[in-house]
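Novice: Attaching a single structure in structure tokens format; questions to follow.
Right, here's the structure in full:
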């Protein structure tokens with residue numbers, strides 16, 4: 784059965800309206816959203832009360848992500864460990880004279896940056912889990928401190944606006 788006359792014109796108008804709606808209304812997913820990213824070379828929360836985070840990959844590309852979409856491991860499924868469970872262990876707090884203390888702590892990082900030198904350590908800004916504040920720490924990434932070689936993963940990230 785073919786439409787003729789007025790029926791055909793109405794069908795064409797409906798199809799044109801649907802096409803225009805599809806082209807005009809932006810997609811719920813921004814065009815520059817990328818797949819899972821491992822924050823190998825840096826991670827920085829905007830603040831403890833913000834969902835915004837910067838994730839720097841091993842290719843030194845910085846992505847804008849949401850901490851609510853970041854995870855403690857490469858498992859980014861609905862059953863994954865959230866970023867709130869990501870920690871570095873046996874970290875030394877940096878004292879006022881810029882030296883590491885002898886005592887160590889487990890730290891949930893608000894930000895970290897690897898330092899590639901013979902000592903293999905990370906500079907961390909964060910605090911022990913469930914403690915407020917942001918302090919400076921040094922965490923080693925040797926074979927003995929294998930956990931400290933882990934990096935968070937984020938999904939739904941996008942390139943920052945240019």
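Numbering (our numbering), first residue to last: 784 to 945.
The C-beta atom is built at its ideal place from N, Cα and C for all residues, glycine as well.
#1: Return the bridge partner residues of residue 921 from the DSSP annotation.
#2: Please state whether DSSP places residue 864 in a helix, a strand or coil.
#3: Check each candidate in 905, 936, 885 and name the one with the smallest Cα separation from residue 925.
#4: My output table needs one value for residue 932: the three-state DSSP class, helix, strand or coil.
#5: Nearest CA to the CA of residue 933: which residue from 941, 915, 939, 923?
#6: Compare the Cα-Cα distances from residue 848 to each of 836, 841, 856, 854 and report the closest residue.
#7: Would you say residue 941 and residue 815 are within 8 Å of each other, going by their C-beta atoms?
#8: Please confirm if residue 910 has its CB atom under 8 Å from at least one CB of chain C.
#9: How is the beta strand (DSSP E) around residue 833 delimited, first residue to last?
#10: Could you spell out where the beta strand (DSSP E) holding residue 888 opens and where it closes?
#11: Do you know how far the Cα of residue 889 is from the Cα of residue 872?
#12: Kindly give me the distance between the Cβ atoms of residue 869 and residue 879, rounded to whole angstroms, as I take these residues to be in contact under 8 Å.
Specialist: From the atom records:
#1: 875, 906
#2: coil
#3: 905
#4: helix
#5: 923
#6: 836
#7: yes
#8: Chain labels in this structure do not include chain C; a single protein chain is all it has.
#9: Where residue 833 is concerned, there is no enclosing beta strand (DSSP E), given that its DSSP letter is neither H nor E.
#10: 883-898
#11: 4 Å
#12: In fact, because the Cβ distance is near 27 Å, the residues do not count as touching under 8 Å.
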